[in-house]
Structures are given as C-alpha cells and as structure tokens.
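Residue numbers (this note's numbering), protein chains in the order written: chain A, 531 to 706; chain Z, 531 to 706; chain W, 531 to 706.
Cβ atoms here follow ideal geometry from the backbone N, Cα and C, with glycine treated the same way.
The block underneath contains the structure these notes are about, expressed in structure tokens.
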Amino acid sequence: MGAEARLKALGIELPVPPHPMATYVHAARSGNLLFVSGHGPVRSERITHRGRVGHDLTIEQGQEAARLTGLNLLASVREALGSLDRVRRIVKVLGMVQCTDDFTEHPRVINGFSNLMVEVFGEAGRHARSAVGMGSLPFGMSVEIEMIVEVSGAAVRRLGTRRSRPPRPAARGRRR
Amino acid sequence: MGAEARLKALGIELPVPPHPMATYVHAARSGNLLFVSGHGPVRSERITHRGRVGHDLTIEQGQEAARLTGLNLLASVREALGSLDRVRRIVKVLGMVQCTDDFTEHPRVINGFSNLMVEVFGEAGRHARSAVGMGSLPFGMSVEIEMIVEVSGAAVRRLGTRRSRPPRPAARGRRR
Amino acid sequence: MGAEARLKALGIELPVPPHPMATYVHAARSGNLLFVSGHGPVRSERITHRGRVGHDLTIEQGQEAARLTGLNLLASVREALGSLDRVRRIVKVLGMVQCTDDFTEHPRVINGFSNLMVEVFGEAGRHARSAVGMGSLPFGMSVEIEMIVEVSGAAVRRLGTRRSRPPRPAARGRRR
C-alpha cells in the first residue's frame, strides 16, 4: 500500500501548507534529496502550540505539536512532489523543542512526529534523527522540525512556495 | 547575468574568508553538494556583532549580522569553487540566532541573509530554511548560519581551508 | 593505512552502539551519503557526561564527552557499513553543547570530536562543521553530535538499528 493510500486508510487529511513566514521556500530539491524547511504546529495559518514544553505544555501536548508539525511537513512534501507516493524514504530529521533548560525528554516529544512517519511510510518512515532543546523558536512555537527526504522520479515543475516563480532550470534537480 | 557579475553590479565586495577557529574546514563537497560550515558576522578576523538579539542588539542589527554572515559564507563558497558562477542553487540553510528566551522574530533576523542570497543568485538563491534561537554561540556571536549549496561541474583541487592539505582524491567529489 | 587499521594502531576499541532511545535509527543512507543520528557521551548504555559545560563540567570534560560521542558515532557507522574502511570522508558535522548561556568556547569542546576524526581518517576526517550551544539536550547530556559521511561501494543489507527490519529495497541506496 502506498503512502497516499495509507493516509486515507488512517483517516488522515493533510492541512493546506502554511505560507512561508519569510524569504524562503517550503522545500528545495537537489538530485534525489528533498530538503524540507523547518515547520511548526500550525493549523489554518495559526500556531496551535506555543510556549515551553515542561512549563507551559506537558510532554503529551508536545507530542501533539510534533505530530501536527509532521502533518504540515507532509503537506509541503506533497506540494513539492505531487504525491507522497514518490517518497522513497524519510532520511534525516532535526527535531527541535522549545523547552525549559532542565527538560530531558526531547526524544519522547519528537516521537509524536517519528511515529507518524512510520504510520504513513512503514519501514521507509524510519529515519536518522537528532532531538534537541532550543532556547527559543519563531513566534513562540513549542516545536520546529526539518527533514531530508529521498524521492524517486524526475523533478516536477514547481518547487517551493505557491507564491514563488519557478526556480531556474539548472536548479530543478536536472539529472546530474 | 551570473552571480559574480551580479555581485559587481550590486557593488558588493566579498571579505577574505576568516580562518576556521578550530579543527575543521570552511566547506566540504560530496557529489554536487557543497556543505558549508557555520559562519558568523566577522570582518577582518574580528566579530562585529556580539550579544543577544532582543537585548543587546535590535532586530535591525541582527539582520546586519545575518547579511554579513552571508557575505562570509559566499566568500568561503568562492574559495571552494573558484567562482560563485558555479553555484546552481542555495538548497538548505540553518539560521541560528543568539537571542533572549522570549525572542520570536528569528525569521526576520535571518532574512538579512536570505534576501542577500536572492539579490546575488535570483530565484536560485531561494532555499529551504530553518531559523531558530540558540542558547549560546561561539565567542558570543549573535548569528551563526550554515548552508548546503548545489554546485555544477567537476570538483576543484583544493577544498577547505587555506591551511589544510588537499583531501584524499576519493573524497573530492569524484563521480559517484 | 585504512581507518580500521589506524584504529587498531591507536589502540582504540569502539563501544557497542547504544540502542536508539526512541523511534529512529542510528544511521540512514541515501546514495553515497550516510546520515548519522545525534549521538551522545554514552558508555555501556549509561550517559557519562551530564550537565552544562561552563558550570557542571570544565572545557576539558566537555572535550572528553565530545571524543566519546565520536567513538559512539563511529560504532554506528561501522554497524551500518560493516567497516570504517568504507568511509570516504567525514563531510558535515553539527556539534551541540549543553552549556551556560554565557559560554563561548563551543569550538574547543567539539574539537574533542573533530580531532578524533582526523586521527582515524587523516585528511578525509576533516569536515565542514557548526559548533553551537543548546538550551538543553536529551537526558541532560552535555554534548550531542550528528554527522553526514560520504561512503563508497554498494549499500549493505541492513541499515539502522539492530532491532529494526530492513528498510524497503528502494530506500537502500540503489543506484538513483
């Protein structure tokens, strides 16, 4: 079963990718690697989980934030590739938690994201990872996650944001 | 117009790349990806912007620091490649801001860097990105930025620092 | 002399790779790049260096932590590749130090790791790097380091943890 079919079977509907909040794009491809920007717990253009895990949020709320962040990342991957079925593997993840200085359970928080990837992609969802604690994150977001994905097939026309013009041909993953 | 010509048209002169402050190199290439080390706001081997954005520095000063950091990154890219015209695309950026714990405007700070990339490379300067807040950065630097660049053509002889000997042939981007 | 022979000549014995502490794998390969998860100063499944460098630990103790972290990273690389002789180059490193907010000597701490890489791999051990200060790290670890390694040859059967089943064939570095 492909990732798109599995999403449907799980009853998961991906959100609309939020607009980048500054001068950057959601995802940039080079060869067969898709580098996906840091995303956060956003729904309908609003941040749902602000504050520090371990103080303002429980670990469980942090896990929710990480899972929602994962849905937004998948939405941006689908936007870049056309379909999640073109994902070969989730390769590398940096999971960042805005938390108190004495917080120690970052891996449990980021599991909210990692478990979603295994639900959607099976073994291909297992990834190398670092889970760490940040002093602060944009707009007070409690979680920010970026990732590198291995993809199959030729590059699609439009990478990046809905607002940006297509990048130069040479930058669009032409066979190297 | 190539990136080198655009730099000239913009009247931008790149600084001399600062020496790495420890056992590492400015940039390492693998295949068509050039991984560039974390750089900071340094001019003539001196750090120009120390302290925490939101306390010691304004957002505008943080943006200046990010732009200067971008110039240093470009200087190291030119050193590694011979010319910025061999840059195909700025792919992925991690922008780190040393700031107060309640700071929320990291994206605006790192835009000082990202806008420079679009000025110099046009659409190929648009990148995937995370902008985050660090507890501390080396030597009290207010900004540190690392990036991954897609490059064209064969690898040049000498990668890394001016002081290091060339890496082993197998490590120099031989066709994979 | 290959890396395995050099390890022996240096009298260095690699530890058993610690189990991942959550839903992720030690390392994931895509093409000729091996992405290695964040590792810490662990020996026999116990964290040896907890606390903040600059307060609970001296710089020298931080360097020890970084060197031990490097040994654990190499253990995971050997597990993924079968032999360290298949490492072409250490490409990119993110060295994270849990330290006080006024700490400035992150590069010296992470040199404990970087010097080990040069001891083991010679010039191929020199890498692009960022060394930064984190608000907190999992389980109070004083150091966490992740890295990207360029490897030679075909992918081996089993990537990731000792516990995980093999990833899908398409994800195992098949020619792209």
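Open item on the list: At 3 residues or longer, what runs of the beta strand (DSSP E) sit wholly inside the stretch 597 to 661 of chain W?
Closed with: 617 to 628
Task: Supposed close pair L604(Z), L614(Z) - CB separation, criterion 8 Å - done: 6 Å
Task: Cβ pair count under 8 Å reaching 3, the stretch 645 to 663 of chain Z against the stretch 549 to 567 of chain A - done: yes
Task: Nearest to I675(Z) (by Cα), restricted to the options I640(Z), L587(Z), T588(Z) - done: I640(Z)
Open item on the list: Is there a Cβ of chain W sitting closer than 8 Å to that of R698(A), yes or no?
Closed with: Residue placement at R698(A) is poorly supported in this model, since its pLDDT is 36, which falls under 50; the coordinates still yield a value, given next. No, R698(A) does not count as interfacial toward chain W.
- [ ] Would you kindly report the start and end of the unbroken alpha helix (DSSP H) that includes A539(A)?
- [x] 533 to 539
TODO: Kindly indicate if chain W contains any beta-carbon less than 8 Å away from that of T599(A).
DONE: no
Open item on the list: Quick check on A595(A): does DSSP put it in helix, strand or coil?
Closed with: helix
TODO: State whether the stretch 591 to 609 of chain Z contacts the stretch 618 to 636 of chain A, with contact taken as three or more CB pairs (one from each stretch) at a distance under 8 Å.
DONE: no
Open item on the list: Please tell me whether S574(W) and P550(W) are closer than 8 Å, where the distance is taken between their beta carbons.
Closed with: no
Open item on the list: Check whether chain Z comes within 8 Å of S560(W), counting only Cβ atoms and requiring the distance to be less than that.
Closed with: no
TODO: For the beta strand (DSSP E) containing M671(W), list its first residue and its last residue.
DONE: Run containing M671(W): none; DSSP gives neither H nor E here.
Task: 8 Å Cβ cutoff, H579(A) in contact with chain W - done: no
Task: C-alpha gap between Q591(W) and M664(W), whole angstroms - done: 17 Å
Open item on the list: Here's the rule I'm using: 16 or more other beta-carbon atoms within 10 Å means buried, otherwise exposed. How should V607(Z) be labelled?
Closed with: buried
- [ ] Check whether the Cβ of G665(W) lies closer than 8 Å to any Cβ atom in chain A.
- [x] yes
Open item on the list: For the ligand PLP, I want to know if E575(Z) counts as a neighbour, meaning its beta carbon is within less than 7 Å of at least one of the ligand's heavy atoms.
Closed with: Ligands displayed in this structure: none; no statement on the ligand PLP is therefore possible.
Open item on the list: What does the alpha-carbon distance come out to for the pair M671(A) and A533(W)?
Closed with: 43 Å
Task: Segment limits, beta strand (DSSP E) that includes H569(A) - done: 563 to 569
Open item on the list: Only counting the same chain, and skipping five residues up and downstream in sequence, which positions put a Cβ closer than 6 Å to that of G600(Z)?
Closed with: F643, L646
TODO: Tell me, please, whether the CB atom of R616(W) is closer than 8 Å to any CB atom in chain Z?
DONE: no
- [ ] Could you tell me whether the Cβ of S567(A) comes closer than 8 Å to any Cβ of chain C?
- [x] The structure shown contains no chain C; the protein chains it does contain are A, Z and W.
Task: Under the three-state DSSP convention, the category E680(W) falls into - done: strand
TODO: Return yes when the Cβ of G625(W) is within less than 8 Å of the Cβ of S666(W), no when it is not.
DONE: no
Open item on the list: Quick check on A531(W): buried or exposed, where buried means 16 or more other Cβ atoms within 10 Å of its Cβ?
Closed with: One detail in the question is off: residue 531(W) reads as Met in this sequence, not Ala. So M531(W) ends up on the exposed side.
- [ ] May I have the straight-line CA-CA distance separating A539(Z) from S682(A), to the nearest angstrom?
- [x] 39 Å
Task: Buried/exposed call for H585(Z), threshold 16 Cβ in 10 Å - done: exposed
Open item on the list: Taking the straight line between their C-alpha atoms, what separation do you get for L544(Z) and V627(A)?
Closed with: 36 Å
TODO: Give me the Cβ distance between F726(W) and K622(A), rounded to the nearest whole Å; I'm assuming they're in contact under 8 Å.
DONE: There is no way to answer for residue 726(W), as the model of chain W reaches only from 531 to 706.
Task: Alpha carbon of L537(W) to alpha carbon of N562(W), nearest angstrom - done: 23 Å
TODO: Identify, in the order they occur along the chain, each residue of the same chain with its Cβ nearer than 6 Å to the Cβ of P548(Z), setting aside the five sequence neighbours on each side.
DONE: V572, E575
Task: Distance, V650(Z) Cα to H579(A) Cα - done: 36 Å
Open item on the list: For V555(W), would you say it is in contact with chain A, using Cβ-to-Cβ distances shorter than 8 Å as the test?
Closed with: yes
TODO: Could you tell me if V546(W) is buried or exposed, where buried requires 16 or more neighbouring beta carbons within 10 angstroms of its beta carbon?
DONE: exposed
TODO: Determine the direct distance from the alpha carbon of V617(Z) to that of A535(Z), and round the result to whole angstroms.
DONE: 13 Å
- [ ] Assuming I589(W) and R619(W) form a contact by the criterion Cβ under 8 Å, report the distance between their Cβ atoms to the nearest whole angstrom.
- [x] Wrong, their Cβ atoms sit about 28 Å apart, outside the cutoff.
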